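So the structure is just underneath, and the comments pick up after that.
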Amino acid sequence: MSIAKVTEVISSSTIGIEDAVKSGVARASKTINNIQRVWVSDIKCSVDGDAITEWRCTLKITFVLND
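Written as structure tokens, this is what we have:
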């Protein structure tokens, strides 16, 4: 039987949502092993005038605990 845990992280990108998610997972994988799933639970952006300057994604990362 395996046990999974969920942790929440917030990542950002000036490029776009997909880049924010990819960079969040890449950074989390440096300290979390066995990542199985990622759920984007929230998306926000910063705006300057009429332009989006930064995307922020709240990620819920599911990983299996080591025995």
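With the numbering used here applied, the sequence shown corresponds to residues -18 to 48, in that order.
We treat Cβ as the ideally placed atom computed from N, Cα and C, and that holds for glycine.
Please read all numbers here as calculations on a predicted model, not as lab measurements.
On the DSSP bridge list, what partners appear for A32? Paired residues: D29.
Residue span of the alpha helix (DSSP H) that contains K(-14), given as start and end: Looking at the DSSP string, K(-14) is not in any alpha helix (DSSP H); the run it does join, the beta strand (DSSP E), is -15 to -6.
Other residues of its chain near K25: CB distance less than 7 Å, five sequence neighbours each side excluded: R37
Could you compute how far the alpha carbon of N116 sits from the alpha carbon of V45? Absent from the model: residue 116. The displayed extent of the chain is -18 to 48, so no value can be given.
Apart from the five residues on each side of it in sequence, which residues of its chain come closer than 7 Å, Cβ to Cβ, to I(-2)? Cβ within range, chain order: I24, W36, C38.
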